[in-house]
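Q: My questions will all concern the structure given below.
Residue numbers (this note's numbering): 98 to 418.
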């Protein structure tokens, strides 16, 4: 959730809503995230997304800074538009997904922006209308939501409508705001610290999920903290990184630096790019010069490497030491 500074309006006229949504759509189309639910209210915005080809912080920075600059130019104002923290809740999907879709899409009704469920179904500034097909949003991932109700779209929409109606009288639900289980296991501060890093907009981060889910995130935070510590104290040179990846994957450094497009060589090159740019925070231009490629190609390789990274978590931790 992103809120206007001092609860001031983020959206003053229709073009503001359209601009914000166009930026959300651009990121979704580029694969930066998958948007399942959203709602824009006058002084704040909600998004329920799955991260894609780039970290959430990077996408949010692009969205918020880009929109704030355009808003200020349109309205001839200066200064900050958003509060300096957006709230980011990590969600255990199976347990909370549909509850969050419903809760988020009912925000305009709870806030009095619309006065009835019938009006909510045609409200253009929330994803509820897209799920019902009344206001098409091609970039919104309606299929995965509706598929949880039925295989046929008409039946799924009918059941989804009934599901939303059943929750319309619930009011605010603090348990869906995350954070309640963190105290039982501790350790989320490590995750928040890792996520914040160099972000222009830092996040008030929480977890919404079971104790096991929180514990798994805590362990992952500790693993990433080891990578961060290694990066800060003993960052490997690019030559060293290439040799480490080479030794692990059995691909010679000469082939990694070369022009071969063989699948195993390309995979090694993409992992080098991901670690160098995303994990070690080094410049794509340095990698491009070493590999004899363009900067855009090096950045593309890093994005591909990010998709491979979950399968090489332990190896990446060693490569960064």
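We put the CB at the ideal spot given by N, CA and C, even for glycine.
Measure the Cβ-Cβ separation of residue 257 and residue 217 and say whether it is below 9 Å.
A: no
Q: Cα separation between residue 110 and residue 122?
A: Residue 110 and residue 122: Cα-Cα distance of roughly 19 Å.
Q: If you pair each beta-carbon of the stretch 120–138 with each one of the stretch 368–385, do three or more pairs fall below 8 Å?
A: no
Q: Less than 9 Å between the C-beta atoms of residue 347 and residue 370, yes or no?
A: no
Q: Closest by CA to residue 179, which one among 154, 170 and 100?
A: 100
Q: Three or more C-beta pairs closer than 8 Å, one from the stretch 127–134 and one from the stretch 103–117: is that the case here?
A: no
Q: For the stretch 395–410 against the stretch 352–371, are there 3 or more C-beta pairs whose distance is under 8 Å?
A: yes
Q: With distances taken between CB atoms, is the gap from residue 142 to residue 117 smaller than 9 Å?
A: yes
Q: For the beta strand (DSSP E) containing residue 132, name the first residue and the last one.
A: Looking at the DSSP string, the run of the beta strand (DSSP E) that includes residue 132 is 130–138.
Q: Is residue 370 helix, strand or coil by DSSP?
A: helix
Q: Helix or strand or just coil, what does DSSP make of residue 149?
A: coil
Q: Could you pull the start and end residues of the alpha helix (DSSP H) that residue 348 belongs to?
A: It is not in any alpha helix (DSSP H) - residue 348 carries neither H nor E in the DSSP assignment.
Q: Counting C-beta neighbours from all protein chains within 10 Å, is the total for residue 413 16 or more, i.e. buried, or is it exposed?
A: Residue 413 is buried by the Cβ-count criterion.
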